[in-house]
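This report concerns only the one structure given below.
Numbering (this note's numbering), first residue to last: -5 to 133.
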């Protein structure tokens, strides 16, 4: 019995991956590591601010009406959302570093085509080429 064809790879030409020089790889790695460290510092600062604001809210909640309580809850949720967003960006950069180590950095995870240098310059942790990203966003 024949196996069904994989619809994601059917009709796709294999693309030969060009090798990146060691100097280029190290330059990319250093830039991404610096970005990861910046994001970690920003995340730590955000967590510290959330903790401080929580402490202030606990001591300064006497006499709050429902509107004050709702405002404080909304602010806390926004702060937590910001922290989660930073954490997601850290994860993306770490994943890009892993892909760099494995030799898959700069290549689309879906179609295997090279990701344009301009896209990588704007979004260094990109895992999809422009076409595949557009298709993903339309879904």
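Yeah, the Cβ is synthetic: ideal placement off N, Cα and C, and Gly gets one too.
The C-beta of residue 100 has 16 or more other C-beta atoms within 10 Å across all chains shown, which makes the residue buried. When C-beta atoms of the segment 23 to 36 are compared with those of the segment 83 to 92, three or more pairs fall below 8 Å, so the two segments count as touching. Less than 9 Å separates the beta-carbon of residue 83 from that of residue 119. Fully enclosed alpha helix (DSSP H) runs of no fewer than 4 residues occupy 60 to 96 and 111 to 116 of the segment 60 to 117, in order along the chain. Pairing residue 94 with residue 16 gives a Cβ-Cβ distance that is not under 9 Å.
The Cβ-Cβ distance between residue 121 and residue 107 does not fall below 9 Å.
Within the same chain, 73, 76, 77 and 80 come within 8 Å of residue 40 by CB-CB distance, once the 5 residues on both sides are set aside.
Excluding residues up to 5 positions away in sequence, nothing lies with its Cβ nearer than 7 Å to the Cβ of residue 31 in the same chain. Contact annotation: residue 71 and residue 47 have beta-carbon atoms that are not nearer than 9 Å.
Residue 117 has its alpha-carbon roughly 11 Å from the corresponding atom of residue 110. Taking 9 Å as the cut-off, the Cβ atoms of residue 66 and residue 51 count as close.
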